[in-house]
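Chains as they are written, first to last, in the numbering used here: chain H, 434 to 782; chain W, 434 to 782. Each remark here refers to the structure printed beneath this line.
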DNA sequence: CTGAAAGCGCTTACAG
DNA sequence: CTGAAAGCGCTTACAG
């Protein structure tokens, strides 16, 4: 009647204290690896734990005082390989630091994002890495911060948010790839993809604009096209563009995923990337290498950014500091085969 | 001096009981949505919670009795889009059921897998969905089961394990795609990729063998090539194959990732898939559609398998049953452009 | 319909 | 170096 406990769990430090013939305080000290415990005692306790199949109950531990070793990882689109790589980077440093991540995929929904963040707080996450959903507002982010929750924004900055940020150098990257197209001889260059309110898009457009102006050109509003930052978005936007009478000779896409969708639309119309029209991506995901033709793009190393974000969060948790740090990762131009000079130039040369 | 608590957390049911002028038992009842509480009381309590910014502490709740609403999700290779889709499917049903997943990427390391599973137990996961790392043994899995941990194996079965399983119909899928190649006229068909001990590979080879034998052919051991189930693995194995004097006319690859790696190797040698050699995948990841030529493959719907696995786990947690269930998802043939008849036949026709 | 008491498994001062 | 006691924030019988 008394042995009727669940087969699992239920071995507590009391059981192992009894088995080892010590008090539970001593067991607790062994658990923490305290140097106060005599080697001999420690041994007896360790043996008892092994014998009884003891499993440490972190929930109970956290309740009394210790920090939880859980952090939340909130991803806007895990189906995008770029964010999957980011998540892997985060998980890698977390695990090696003894932390374990909750994960949630918001699929760009701010509603889910709010639910999920609340749930993570309830479960005792001691910090959160947030890749914000598209319409996230500065206020939401600041509210969390005001609650004292360590929080790192990753990849996408949120205007008005006072959080720390880990992102890539969007402006420099976009400028770099635009200059590359200009040096190839392009004069009519479109910018395709991303939605107008997205801060990342603003940054990339800033770089795009800067490169044009440095070459004595200016932005043509007719060549700035919005789309969801997805394959479908890129497909639709490019289809629309190709339905026009006049085409640009080159297209700077918001990111790789958009570019790949756009290339699909080009394929449908018999337009060959790298021969009839130049096209570029951003992110350098594995897919960028695999499409045909391979995509000229900007490499940003998602895995590394994930690691940086996790390190920054862990530092803030440990120090208690909520200072607003920023890490901007390098954006390298990677030239592959998706770009060509504009058609006319080619005829001449 | 007494107001010196952390700005975060620290609002407890006691605080809100005081604010609402009730006992903490009543607050607890409101929290559980009990119908025993008078509407009026419930209102006062709810208002107090809103006013004080109360956050439910699930850790404390679990300690006393309630089941934790955490489950672990252990993935062997999150960088593989197939497993990313699976993870998204799992997360989707978990979240809508009020659960939240821990995630870990083992990167095929059984050592990490063991660490991670232990950590999840310590953190109070009430069940685990495991995509086992390559060298996982039945014993490890059974040990967990014996501890009373609800556990679902996903995608890869583990010989000797007595767990429930959600996977796709590997044998039927492989038979189907092999028959397709035979109907195209192929007689020298290789099987490329996966490592010999992998149960999934054994199943697919069984299907491959069955299709050959039904056509009156038999397996040629010289045409069975191992590789890691990754892009690099496929690349290396195909490079070796192409270094031989005699080539097969068609290659059944272990999965899409291997096939895409193999196609890269073919490209290097100027061998065109779908013209000089037929090649197939397995999984139907998004990439299979994007490579050039698009890959003939077996669609298994990773997202759906993820949802099934999560549903099965939740059912087992709720019912307390550790019955050994199995769900085998359909494996549909998807014909694209990576397959052609064998060269000689084409000359004739 | 509401309250007082005990207890979940740990950690944290405080003694000794 | 080790132990006894209080407490973390909840839930769960048990009264009333």
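Heads up, the beta-carbon is just placed ideally off N, CA and C, and yes, glycines get one too.
- When the Cα atoms are used, residue 569 of chain W and residue 539 of chain W turn out to be separated by approximately 11 Å.
- Neighbours of residue 536 of chain H in chain W, taken as residues at a C-beta separation under 9 Å, are given in chain order as 506, 520, 524, 533, 534, 535 and 536.
- Under the three-state reduction of DSSP, residue 668 of chain H is assigned to helix.
- For residue 553 of chain H, the uninterrupted alpha helix (DSSP H) segment begins and ends at 543-555.
- Under the 7 Å criterion on CB atoms, residue 613 of chain H is classed as non-interfacial with respect to chain W.
- In the three-state reduction of the DSSP assignment, residue 687 of chain H falls in the coil class.
- Cβ atoms of residue 477 of chain H and residue 494 of chain H stay farther apart than 8 Å, at about 22 Å.
- Taking the C-beta atoms as reference points, residue 533 of chain H is found nearer than 7 Å to residue 503 of chain H.
- Remark: C-beta atoms of residue 580 of chain H and residue 596 of chain H do not approach each other more closely than 7 Å.
- Residue pairing by DSSP puts residue 625 of chain H in a beta bridge opposite H:658 and H:686.
- In this structure, the alpha-carbon of residue 656 of chain W lies about 50 Å from that of residue 619 of chain H.
- Residues of the stretch 489-501 of chain H with a Cβ closer than 8 Å to any Cβ of chain W, in chain order: 489, 490, 491, 492, 493, 495, 496 and 501.
- In chain order, 720 and 723 make up the part of chain H whose C-beta sits under 7 Å from the C-beta of residue 720 of chain W.
- The distance from the Cβ of residue 587 of chain W to that of residue 519 of chain W is about 7 Å, consistent with a contact at the 8 Å cut-off.
- For residue 663 of chain W, the three-state secondary structure derived from DSSP is coil.
- For the stretch 552-566 of chain W, the set of residues with a beta-carbon nearer than 8 Å to any beta-carbon of chain H comprises 552, 553, 554, 555, 556 and 557, in chain order.
- With at least 16 other beta carbons inside 10 angstroms of its own, residue 717 of chain H counts as buried.
- Taken through DSSP and simplified to helix, strand or coil, residue 446 of chain H comes out as helix.
- Look at residue 538 of chain W here: in three-state DSSP terms it is strand.
- Judged by DSSP in its simplified three-state form, residue 531 of chain H adopts coil rather than helix or strand.
- Per the coordinates, the alpha-carbon of residue 708 of chain H lies some 15 Å from the alpha-carbon of residue 724 of chain H.
- Residue 634 of chain H is positioned such that its CB atom lies closer than 7 Å to that of residue 627 of chain H.
- By the Cβ test, the stretch 636-654 of chain W is not in contact with the stretch 664-677 of chain W, since fewer than three Cβ pairs between them sit closer than 8 Å.
- Chain-ordered, the chain W residues with CB closer than 7 Å to the CB of residue 514 of chain H read 514.
- Chain-ordered listing is empty here: chain W has no CB closer than 9 Å to the CB of residue 765 of chain H, the nearest sitting near 20 Å.
- Within the same chain, 559 and 750 come within 8 Å of residue 500 of chain W by CB-CB distance, once the 5 residues on both sides are set aside.
- Put simply, the backbone Cα of residue 740 of chain H is about 12 Å away from that of residue 516 of chain H.
- Fully enclosed alpha helix (DSSP H) runs of no fewer than 4 residues are not present anywhere in the stretch 725-749 of chain W.
- Taking the CA atoms as reference points, residue 593 of chain W sits about 5 Å from residue 571 of chain W.
- Between residue 645 of chain W and residue 692 of chain W, the C-beta gap is not smaller than 7 Å, which leaves the two residues out of contact.
- At least one CB atom of chain H sits nearer than 7 Å to the CB of residue 511 of chain W.
- Secondary structure of residue 699 of chain W (DSSP, three-state): helix.
- In chain order, 505, 535 and 561 place their CB closer than 7 Å to the CB of residue 553 of chain H, counting only its own chain and leaving out the 5 sequence neighbours on each side.
- Of the candidates W:670, W:612, W:667 and W:624, the residue whose Cα lies closest to the Cα of residue 648 of chain W is W:612.
- Take residue 668 of chain H, set aside five residues on each side of it, and the residues of its chain with a beta-carbon closer than 6 Å to its own are 694, 697 and 698, in chain order.
- Taking a beta-carbon distance threshold of 7 Å, residue 483 of chain W does not count as an interface residue toward chain H.
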